[in-house]
Amino acid sequence: MSKGWTISLSTVAIMDIANPSEEHAMLRSMIRDWVEEYVEPQAFEHDKKELFNLDLLKSMGELGLLGISAPEEYGGAGLDAAACAIVHEELSASDPGFALAYLAHSMLFVNNLAYNGNEEQKTRILPKVCSGEWIGAMAMSEPDAGTDVLGLATNAERQPDGSWKLNGRKMWITNGCLDETGTPADVVWVYARTGTDEKGRVQLSTFLVEAGTPGYSVGQKIYDKTGMRASNTAELVFDDCIVPANNLVGEPGESLIHMMCNLEIERLTLGAMSLGIARRCLAEMNQYATDRTAFGKQIRDFGQIQQHIGNSWAKYRAMRSYIYDTAANLTLGKAGHRLDSDGVKLFASTAAKEIADSAIQVLGGYGYVGEYHVERLWRDSKLLEIGGGTIESHQKNIVKDLQKHPESIND
Ligand SMILES: Cc1cc2nc3c(=O)[nH]c(=O)nc-3n(C[C@H](O)[C@H](O)[C@H](O)COP(=O)(O)OP(=O)(O)OC[C@H]3O[C@@H](n4cnc5c(N)ncnc54)[C@H](O)[C@@H]3O)c2cc1C
Numbered sequence: 016m017s018k019g020w021t022i023s024l025s026t027v028a029i030m031d032i033a034n035p036s037e038e039h040a041m042l043r044s045m046i047r048d049w050v051e052e053y054v055e056p057q058a059f060e061h062d063k064k065e066l067f068n069l070d071l072l073k074s075m076g077e078l079g080l081l082g083i084s085a086p087e088e089y090g091g092a093g094l095d096a097a098a099c100a101i102v103h104e105e106l107s108a109s110d111p112g113f114a115l116a117y118l119a120h121s122m123l124f125v126n127n128l129a130y131n132g133n134e135e136q137k138t139r140i141l142p143k144v145c146s147g148e149w150i151g152a153m154a155m156s157e158p159d160a161g162t163d164v165l166g167l168a169t170n171a172e173r174q175p176d177g178s179w180k181l182n183g184r185k186m187w188i189t190n191g192c193l194d195e196t197g198t199p200a201d202v203v204w205v206y207a208r209t210g211t212d213e214k215g216r217v218q219l220s221t222f223l224v225e226a227g228t229p230g231y232s233v234g235q236k237i238y239d240k241t242g243m244r245a246s247n248t249a250e251l252v253f254d255d256c257i258v259p260a261n262n263l264v265g266e267p268g269e270s271l272i273h274m275m276c277n278l279e280i281e282r283l284t285l286g287a288m289s290l291g292i293a294r295r296c297l298a299e300m301n302q303y304a305t306d307r308t309a310f311g312k313q314i315r316d317f318g319q320i321q322q323h324i325g326n327s328w329a330k331y332r333a334m335r336s337y338i339y340d341t342a343a344n345l346t347l348g349k350a351g352h353r354l355d356s357d358g359v360k361l362f363a364s365t366a367a368k369e370i371a372d373s374a375i376q377v378l379g380g381y382g383y384v385g386e387y388h389v390e391r392l393w394r395d396s397k398l399l400e401i402g403g404g405t406i407e408s409h410q411k412n413i414v415k416d417l418q419k420h421p422e423s424i425n426d
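Following this line, the structure appears as structure tokens:
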């Protein structure tokens with residue numbers, strides 16, 4: 016080689032970035048088989064009827080996946096960010112709506128509690144949510160505040176006995192209700208305003224609200240969503256809801272720490288959901304392009320169809336590399352990878368939507384009806400540009416982080 020550099024090819028490990036170890040590959044294979052047997056057969060129907068498959072989600076407790084990232088001592092599987100991405104990708108390749116319900120439980124609630132809760136809270140609640148006895152949700156968004164987190168209005172007042180009185184409404188909460196009769200999630204991770212600090216800044220605090228707490232109820236299940244119809248989305252109401260003192264997470268005013276820490280794995284796994292959608296859509300359009308003939312040829316012979324498939328392949332591979340590269344560098348429970356967790360979600364969500372759109376185009380009229388799957392995946396893909404942070408918020412964060420750390424570009 017020139018300039019005296021030497022590199023021994025034998026020292027370069029041949030590895031698949033999406034299956035960084037044998038254990039990861041085994042996990043992927045196990046969940047893929049399970050998805051084929053249990054998730055795929057129900058996906059079409061649950062989307063069509065806007066029904067959440069609670070029993071199926073609970074059954075993931077037996078697989079040890081409801082507490083995938085929680086420590087084993089509390090009933091979790093103690094796995095890493097790559098494992099979380101693998102499970103979300105595989106679920107979403109079949110049923111993104113169901114995958115979203117899994118994400119709300121395992122990432123937004125369980126992972127949050129595992130890394131931010133105190134010993135008493137983890138001992139009391141984690142075994143229940145890891146087994147599936149309880150289903151959890153996370154409530155940040157409100158009717159009048161989404162991206163503008165500090166604008167949220169739900170408030171909590173400390174009572175003389177140390178408990179907290181919560182008042183307010185939360186909107187768009189995945190798993191916020193568990194069925195058609197308005198049964199609320201068994202436990203919700205709730206962000207609420209508890210005052211202002213000495214500099215006049217809004218102070219947000221985190222509360223664990225359990226089902227049966229007086230004043231906690233479901234306002235409404237939200238129907239007629241574009242996609243993700245197999246997950247339940249609800250409005251929650253807190254009306255003089257008294258939360259015991261030991262259900263405050265951390266200290267008053269610490270919510271931003273919890274949010275920052277958990278948002279990274281949330282965005283990575285939402286990116287992995289986009290990857291699952293992209294992979295399935297690519298597989299569907301590739302097969303159809305072989306099966307379908309027009310003008311006496313397979314449609315895959317037409318240049319414009321090749322453009323859809325070729326571009327989708329390249330985008331899919333780029334998403335896959337970026338997602339699993341970010342997963343390899345992300346340490347659960349620690350903030351510090353916002354640049355890439357925002358980056359993967361920004362890139363992957365739009366790429367998945369574009370790939371799903373190409374799939375519909377390649378399938379023509381058949382692509383436009385539910386039976387051929389890609390229409391559902393296309394509808395589901397849109398949510399990923401909104402939920403867990405809009406693509407505009409990712410752009411804003413990336414630009415902010417690059418101003419602070421311009422060296423990231425050349426690292
Ligand atoms: C199906 C579904 C499930 C969801 N699940 C949950 C859940 O489980 N828990 C939860 O807490 N929330 C959940 N959400 C809410 C979701 O996170 C919010 O919808 C999202 O954060 C955007 O907030 P918003 O809808 O209030 O829009 P807004 O924040 O009002 O934004 C409206 C538009 O303005 C843009 N905008 C806002 N501020 C800026 C800015 N500073 N610069 C540039 N553009 C800006 C946004 O990007 C967007 O395009 C869910 C939403 C849906 C639809």
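Residue numbers (this note's numbering): 16 to 426.
Each residue gets a CB set at the ideal place from its N, CA and C atoms; glycine is no exception.
Check: Beta-carbon contacts of valine 27 that lie in its chain and below 8 Å, excluding the five residues immediately before and after; Outcome: Residue placement at valine 27 is poorly supported in this model, since its pLDDT is 47, which falls under 50; the coordinates still yield a value, given next. Cβ neighbours of valine 27 beyond the five flanking positions: none.
Check: Sheet register partners of methionine 153 (DSSP bridge); Outcome: Trp204
Check: C-beta neighbour in chain C for lysine 137, strict 8 Å; Outcome: No chain C is present in this structure, which holds just one protein chain.
Check: Spatial distance of tryptophan 204 from glycine 151 (CA atoms); Outcome: 8 Å
Check: Between the CA atoms of leucine 223 and alanine 40 - distance to the nearest angstrom; Outcome: 35 Å
Check: Nearest-angstrom beta carbon gap, tyrosine 206 and methionine 155 [assumed within contact, 8 Å]; Outcome: 5 Å
Check: Local conformation of asparagine 170 per DSSP, three classes; Outcome: strand
Check: Bridge partner(s) assigned by DSSP for threonine 308; Outcome: Gln313
Check: Contact test: methionine 153 Cβ vs ligand 1 heavy atom, cutoff 7 Å; Outcome: yes
Check: Given lysine 349 as reference, the closest of Glu386, Glu281, Ala33, His323 once Cα atoms are compared; Outcome: Glu281
Check: Short Cβ contact (8 Å threshold) for leucine 385 with lysine 64; Outcome: In the sequence as presented, leucine is not what sits at residue 385; that position holds glycine. For glycine 385 and lysine 64, no; Cβs fall outside 8 Å.
Check: For aspartate 357, the nearest candidate out of Asp372, Lys368, Ala367, Thr341 (CA to CA); Outcome: Thr341
Check: Within 8 Å, strictly: CB atoms of isoleucine 101 and glycine 91; Outcome: no
Check: Straight-line Cα distance separating alanine 333 from arginine 307; Outcome: 28 Å
Check: For leucine 69, the residue or residues it bridges with in DSSP; Outcome: Leucine 69 is not bridged to any residue.
Check: N- and C-terminal bounds of the beta strand (DSSP E) containing tyrosine 231; Outcome: 231–236
Check: Residues near leucine 71 by beta carbon distance below 8 Å, same chain, minus five either side; Outcome: Tyr53, Val54, Gln57, Phe113
Check: Residues of its chain near alanine 226, where Cβ-Cβ distance is below 6 Å and the 5 sequence neighbours each way are ignored; Outcome: Pro199, Asp201
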